[in-house]
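What follows is a short report on a single structure.
Protein chains in written order, with the numbering used here: chain A, 1 to 297; chain B, 1001 to 1111.
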């Protein structure tokens, strides 16, 4: 059974539209296309040519469907894009170099040849960069498509949020410090499986995390949450004058590896009584730390 | 010499908002997709079919138009007509348009 170009065009348009809208849109489109073809037939164009003209004026079915469904034709829109590039730059400039060093050290301690050391270090860096780019992008794509989350994460840019030159270095230092600590923690956890001081009867190193936890994938979920909190924290911290609001609450020491925004305040004092409000932001992080500390037993 | 592309881009910006108002004003009388397209073109509001049809649906979703299927002819067609809110919105927009018109003319004459 051969379908006419009109049928194919309409089918392609309807494919990406919600089920309940399809019958109505189909009827309306068929009528409109038929009307347009009739008008051209009256003008003296042949039937096939008229159909082609009308359909090419209607354009790409994907675009038409997106227009009907009010779908954005981009992954990350202009609202979130600067935050996305900021987060990606920070992550890609801190994590791979650290990983390079850590993997290199571990391999050297393991006694591998320089070639193997270099190879595994570079592979680790490339894999890490790929994962960082992918998961960060994924998180931002999801946020872009959920209006509720987007409203929470973007706010009016405040010129007061541009820190002094010296503060700027401290801000990046905070973010980078948090990322460094977290990456070192994760790397050591991961690498403890291959290289470690504690060995079982056969001489194989026993990792910190039980095998079952690896297989269940819960840890990958944790890494994803970690990435998400880095992105949301940095986009919030870089998009609003957050560092000037009073009163800060701190989580317990078990949260310390995830202490992204908990690094020393600009005044340089290391006491906990400094003044910044992280209460809203800390809440999503702390409940996860019990999972982390229990999984390390 | 005006750059053709620059002129076309700014022209499109200038006209972008007028299509909705033109539709609302025209649809005080019921009409259907293709006929509306032709009428808009003849009245100087050239618009693409793939812009107009989703636009009509969007306006209907916003409550500015109501639609019903006319099955009297051999080809059933969906007729749109401006709702009460649509007419009120059109009045408000026309008012704004006249204000803008006066303001622009004052600018031109004043300077």
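The beta carbon of each residue, even a glycine, is placed where N, CA and C say it ideally should be.
- Consider the Cβ of residue 1003 (chain B): report whether some Cβ of chain A lies at a distance smaller than 9 Å. Residue numbering aside, residue 1003 (chain B) sits at position 3 when the second chain is read from its first letter. So no, residue 1003 (chain B) is outside the interface.
- Local conformation of residue 957 (chain B) per DSSP, three classes: One cannot answer for residue 957 (chain B) here, as it falls past the ends of chain B, which runs 1001 to 1111.
- Determine, using beta-carbon pairs with one atom in the stretch 1018–1034 of chain B and one in the stretch 1067–1085 of chain B, whether at least three such pairs fall under 8 Å. yes
- Query: Quick one: what's got a C-beta closer than 7 Å to residue 25 (chain A)'s C-beta in the same chain, skipping five residues either side?
  - Reply: For the purposes of this step, residue 25 (chain A) is taken as residue 25 along the first chain, with counting starting at 1. Counting only Cβ-Cβ distances below 7 Å, and skipping sequence neighbours, we find 14, 17 and 68.
- Kindly list the residues whose CB is nearer than 8 Å to the CB of residue 73 (chain A), restricted to its own chain and excluding five residues on each side of it in sequence; keep chain order. Counted from its first residue, the first chain places residue 73 (chain A) at position 73. The residues 63 and 66, in chain order, have a CB closer than 8 Å to that of residue 73 (chain A) in the same chain once the five nearest residues on each side in sequence are set aside.
- Under the rule that 16 or more other beta-carbon atoms within 10 Å means buried, what is residue 10 (chain A), buried or exposed? Here residue 10 (chain A) refers to the residue found at position 10 of the first chain. Buried, since its Cβ has 16 or more Cβ neighbours within 10 Å.
- Query: Which one of B:1094, B:1104, B:1067 and B:1070 has the shortest CA to CA distance from residue 1020 (chain B)?
  - Reply: Locating residue 1020 (chain B) in the second chain gives position 20, where the first residue counts as 1. Considering only alpha carbons, the answer is B:1094.
- Query: Using a Cβ-Cβ cut-off of 6 Å (strictly less than) and excluding sequence neighbours within five positions of residue 75 (chain A), which residues of its own chain qualify?
  - Reply: For this step, residue 75 (chain A) is matched to residue 75 along the first chain. Within the same chain, residue 75 (chain A) has close Cβ partners 141.
- Item | 8 Å Cβ shell around residue 1083 (chain B) - same chain, five flanking residues per side excluded | Your numbering for residue 1083 (chain B) matches position 83 in the second chain. Excluding residues within five positions, the ones whose Cβ falls inside 8 Å are 1063, 1064, 1065 and 1066.
- From residue 136 (chain A) to residue 88 (chain A), what distance separates their C-alpha atoms? Position 136 of the first chain, counted from the start, is the residue given in the question as residue 136 (chain A). Position 88 of the first chain, counted from the start, is the residue given in the question as residue 88 (chain A). Answer to the nearest angstrom: the Cα atoms are 7 Å apart.
- Express the C-alpha separation of residue 104 (chain A) and residue 206 (chain A) in angstroms, rounding to a whole number. As a working mapping, residue 206 (chain A) is identified with position 206 in the first chain. As a working mapping, residue 104 (chain A) is identified with position 104 in the first chain. Between residue 206 (chain A) and residue 104 (chain A), the C-alpha separation is close to 20 Å.
- Task: Answer yes or no: do residue 162 (chain A) and residue 128 (chain A) have a C-beta to C-beta separation smaller than 9 Å?
- Result: Looking up residue 162 (chain A) in the first chain gives position 162. Looking up residue 128 (chain A) in the first chain gives position 128. Their beta carbons are not under 9 Å apart, which means residue 162 (chain A) does not touch residue 128 (chain A) by this criterion.
- Message: If I follow the unbroken alpha helix (DSSP H) through residue 1067 (chain B), where does it start and stop?
- Response: The sequence position of residue 1067 (chain B) within the second chain is 67, counting from 1. Element bounds for residue 1067 (chain B): not the alpha helix (DSSP H) but the beta strand (DSSP E), 1065–1070.
- Using a Cβ-Cβ cut-off of 9 Å, state whether residue 86 (chain A) counts as contacting chain B. Working through the first chain from its first residue, we reach residue 86 (chain A) at position 86. With 9 Å as the cut-off, residue 86 (chain A) does not count as an interface residue toward chain B.
- Task: Mind checking the stretch 1049–1077 of chain B against chain A and listing, in chain order, the residues whose C-beta falls within less than 8 Å of any C-beta there?
- Result: 1049, 1050, 1051, 1053, 1054, 1057, 1058, 1069, 1075, 1076 and 1077
- Straight-line gap, residue 174 (chain A) to residue 82 (chain A) (C-alpha atoms, nearest Å): As a position in the first chain, residue 174 (chain A) is number 174, starting the count at 1. As a position in the first chain, residue 82 (chain A) is number 82, starting the count at 1. Taking the straight line from one Cα to the other gives about 20 Å.
- Under 7 Å Cβ-Cβ, which residues of chain A neighbour residue 1080 (chain B)? Numbered from its first residue, the second chain carries residue 1080 (chain B) at position 80. Here the premise fails: no neighbours, minimum Cβ distance about 10 Å.
- Item | Residues of its chain near residue 339 (chain A), where Cβ-Cβ distance is below 8 Å and the 5 sequence neighbours each way are ignored | Here chain A covers residues 1 to 297 and nothing more, so residue 339 (chain A) does not appear.
- Residue range of the unbroken alpha helix (DSSP H) whose run includes residue 1046 (chain B): By one-based count along the second chain, residue 1046 (chain B) stands at place 46. Taken as a continuous stretch (DSSP letters only), residue 1046 (chain B) belongs to no alpha helix (DSSP H), as it is neither H nor E.
- Message: Tell me the rounded alpha-carbon separation between residue 186 (chain A) and residue 95 (chain A).
- Response: Counting from 1 along the first chain, the entry for residue 186 (chain A) is found at position 186. Counting from 1 along the first chain, the entry for residue 95 (chain A) is found at position 95. Rounded to the nearest angstrom, the two C-alpha atoms are 11 Å apart.
- Item | residue 134 (chain A) versus residue 1022 (chain B) - alpha carbon distance | Here residue 134 (chain A) is taken as the residue at index 134 of the first chain, counted from 1. Here residue 1022 (chain B) is taken as the residue at index 22 of the second chain, counted from 1. Approximately 45 Å, taken between the alpha carbons.
- Contacts around residue 253 (chain A), its chain only, beta-carbon distance under 6 Å, and the 5 residues preceding and following it disregarded: The count along the first chain starts at 1 and reaches residue 253 (chain A) at position 253. With a pLDDT of only 37 at residue 253 (chain A), under 50, the local geometry of the prediction cannot be trusted, and the value read off the model is given with reservation. Excluding positions up to five away in sequence, the list is empty.
- Looking at the unbroken alpha helix (DSSP H) that takes in residue 1001 (chain B), where does it start and where does it end? Along the second chain, one-based indexing puts residue 1001 (chain B) at 1. Neither: residue 1001 (chain B) is in no alpha helix (DSSP H) and is coded neither H nor E.
- Contacts that residue 35 (chain A) makes with chain B (C-beta to C-beta distance below 7 Å): Mapped onto the first chain, residue 35 (chain A) falls at position 35. Within 7 Å Cβ-Cβ: 1034.
- Message: For residue 22 (chain A), which residues in the same chain have their Cβ closer than 7 Å to its Cβ, ignoring the five residues on either side in sequence?
- Response: For the purposes of this step, residue 22 (chain A) is taken as residue 22 along the first chain, with counting starting at 1. Contacts found: 14.
- Beta bridge counterpart(s) of residue 137 (chain A) as assigned by DSSP: Start at 1 with the first residue of the first chain, and residue 137 (chain A) comes out as number 137. For residue 137 (chain A), which the question treats as bridged, DSSP gives no partner whatsoever.
- Task: Classify residue 199 (chain A) as helix, strand or coil using the three-state DSSP reduction.
- Result: Taking the first residue of the first chain as position 1, residue 199 (chain A) is located at position 199. In the structure shown, residue 199 (chain A) adopts extended strand secondary structure according to DSSP, grouped into three states.
- Query: Of all Cβ atoms in chain A, is any one closer than 9 Å to the Cβ of residue 1013 (chain B)?
  - Reply: Counting from 1 along the second chain, the entry for residue 1013 (chain B) is found at position 13. Not one chain A Cβ lies under 9 Å of residue 1013 (chain B).
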